[in-house]
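A.B. asks:
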Amino acid sequence: MEQKNKIIIFSNIKGGVGKTTLCSLFATYLAENGMPVAVLDADLQQSLYRHRVREEKADPEQKMPWQVTPLDTSDIKKVNKVMKELKKVPGNVLIDCPGNLNDKSLAAVYAAADVAVIPMSFDPDTVDATGIFLKALKSISNCGMVFVPNRINDHEGKAEERKQRAQTVNILELVGTVVPRIKQGVAIKRYSTIYPLESKQKKIVATTFDAIMKAIM
């Protein structure tokens with residue numbers, strides 16, 4: 215049975231929240247669960263694509279679990295054409311996006327998305343930036359929203375900070391789905407685009423990624 219097409223973007227205007235890392239890990243998780251997946255790198259830095267090129271060069275015999283393609287957003291006509299073609303692809307298409315909401319070409323990507331996976335943390339700067347991103351995204355897209363608290367240390371924060379964190383979650387749940395947090399750890403930062411997930415990585419991401427899979431189905 216051919217799987218229904220889903221375009222899933224990973225984005226937030228706040229840098230350093232783990233968009234590229236989570237996109238890569240989630241792609242591998244989907245592939246390991248037998249789900250068709252392809253990835254596009256729409257970030258100007260092309261970090262994910264360059265990561266794949268380096269790994270493939272170092273180990274050319276390794277079978278690629280999923281394909282990653284750079285998406286040049288400098289040509290809006292080309293981007294519109296690509297997004298239309300992607301709608302016909304069976305399975306999950308993940309797009310690693312920068313947080314540039316002023317780019318008209320990226321607006322076409324956001325508009326075509328079925329789901330936005332939004333990594334974030336609970337510090338005031340990131341919460342404020344995420345709020346700005348949500349308002350802009352909602353003005354150009356009807357996509358569902360999945361919020362991923364990422365690199366969270368449960369042992370940090372005073373009682374008032376934990377209260378504010380809970381309030382933030384309650385607000386986000388009014389506009390989308392908040393999945394279980396991913397703990398802070400070295401294993402998550404050490405991602406690969408060609409090798410299977412390490413057992414420690416699976417243990418850390420499984421609950422979160424299962425919740426994302428449920429939200430996007």
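The C-terminal residue of the sequence shown carries number 431 in our numbering, and the numbering is unbroken.
The C-beta atom is built at its ideal place from N, Cα and C for all residues, glycine as well.
Just so we're clear, the structure is a prediction, and the values are computed from it rather than from any experiment.
Across which residues does DSSP place M359 in a beta bridge pair?
C.D. replies: The residue you call residue 359 lines up with position 145 of the sequence shown. In DSSP, M359 forms a bridge with A330.
A.B. asks: Near K301, which residues of its chain fall below 8 Å by C-beta distance, leaving aside the five closest residues on each side in sequence?
C.D. replies: As a first step, residue 301 is located in the sequence shown; it is residue number 87 there, counting from the start. So the qualifying residues of the chain are N219, I221, A326.
A.B. asks: Mind checking who L285 pairs with in its DSSP beta bridge?
C.D. replies: For the purposes of this step, residue 285 is identified with residue 71 of the sequence shown, where counting begins at 1. For L285, which the question treats as bridged, DSSP gives no partner whatsoever.
A.B. asks: With respect to the alpha helix (DSSP H) encompassing K292, which residues constitute its N-terminal and C-terminal limits?
C.D. replies: Stepping through the sequence shown from its first residue, residue 292 is reached at position 78. Note, K292: alpha helix (DSSP H), 290-300.
A.B. asks: Please classify Q415: is it buried, with 16 or more other beta-carbons within 10 angstroms of its beta-carbon, or exposed?
C.D. replies: In the sequence shown, the residue the question calls residue 415 occupies position 201. Buried is the call here.
A.B. asks: Given 8 Å as the limit, is there contact between the segment 333-349 and the segment 222-231, that is, 3 or more CB pairs closer than that?
C.D. replies: A contact exists between the segment 333-349 and the segment 222-231.
A.B. asks: Express the C-alpha separation of G345 and M215 in angstroms, rounding to a whole number.
C.D. replies: Position 1 of the sequence shown, counted from the first residue, corresponds to residue 215. Position 131 of the sequence shown, counted from the first residue, corresponds to residue 345. The pLDDT assigned to M215 is 47, lower than 50, so where the model puts this residue is not dependable; a value taken from the coordinates is nonetheless given after this. In a straight line, the C-alpha of M215 is about 39 Å away from that of G345.
A.B. asks: Of the choices S353, A420, A241, whose alpha-carbon is the least far from that of I396?
C.D. replies: Start at 1 with the first residue of the sequence shown, and residue 396 comes out as number 182. Here the closest residue by C-alpha is A420.
A.B. asks: Which same chain residues end up closer than 6 Å to I290 when comparing Cβ atoms and leaving out the 5 residues on each side of it in sequence?
C.D. replies: Numbered from its first residue, the sequence shown carries residue 290 at position 76. Result list for I290: K318, S319, in chain order.
A.B. asks: Using DSSP bridges, identify the partner residues of V393.
C.D. replies: For the purposes of this step, residue 393 is identified with residue 179 of the sequence shown, where counting begins at 1. According to DSSP, V393 bridges with nothing at all.
A.B. asks: Where does A322 land, buried or exposed, given buried means 16+ other C-beta within 10 angstroms?
C.D. replies: Against the sequence shown, residue 322 aligns to sequence position 108. The residue in question, A322, is buried, as its Cβ has 16 or more Cβ neighbours within 10 Å.
A.B. asks: Thinking just about the alpha-carbon of each residue, which of I366, S406, Q381, A373 is nearest to the one in G399?
C.D. replies: The residue labelled residue 399 in the question sits at position 185 within the sequence shown. Out of I366, S406, Q381, A373, I366 has the C-alpha closest to the C-alpha of G399.
A.B. asks: Leaving aside the five residues before and after P363 along the sequence, list all residues of the same chain whose C-beta is less than 6 Å from its C-beta, in chain order.
C.D. replies: For the purposes of this step, residue 363 is taken as residue 149 along the sequence shown, with counting starting at 1. These residues qualify, in order along the chain: R395.
A.B. asks: For K220, write down the residues that DSSP places opposite it in a beta bridge.
C.D. replies: On the sequence shown, residue 220 is found 6 positions in, with the first residue counted as 1. Beta-bridge pairing links K220 to N306.
A.B. asks: If I measure Cβ to Cβ from V401 and keep anything under 7 Å in the same chain, skipping five residues before and after, which residues do I get?
C.D. replies: If you number the sequence shown from 1, residue 401 lands on position 187. Just to set this straight, residue 401 is Ala in the shown sequence, not Val. Within the same chain, A401 has close Cβ partners E412, K414, Q415, I418.
A.B. asks: Based on the DSSP output, what are the partners of D255 in its beta bridges?
C.D. replies: Taking the first residue of the sequence shown as position 1, residue 255 is located at position 41. Looking at the DSSP assignment, D255 forms a beta bridge with P284, D310.
A.B. asks: With DSSP as the reference, identify every bridge partner of I366, one or two as the case may be.
C.D. replies: As a working mapping, residue 366 is identified with position 152 in the sequence shown. Note: I366 sits in a beta bridge opposite K397.
A.B. asks: Going by DSSP in three states, M215 sits in which element: helix, strand or coil?
C.D. replies: For this step, residue 215 is matched to residue 1 along the sequence shown. Per-residue confidence for M215 stands at a pLDDT of 47, beneath the threshold of 50, marking its modelled position as unreliable; the derived number appears in the next sentence. DSSP places M215 in coil when its eight states are reduced to three.
A.B. asks: For the candidate residues A425, G232, A245, N306, whose alpha-carbon lies nearest to that of K277?
C.D. replies: Residue mapping note: residue 277 aligns to position 63 of the sequence shown, counting from 1. When each option's Cα is compared against that of K277, the closest is A245.
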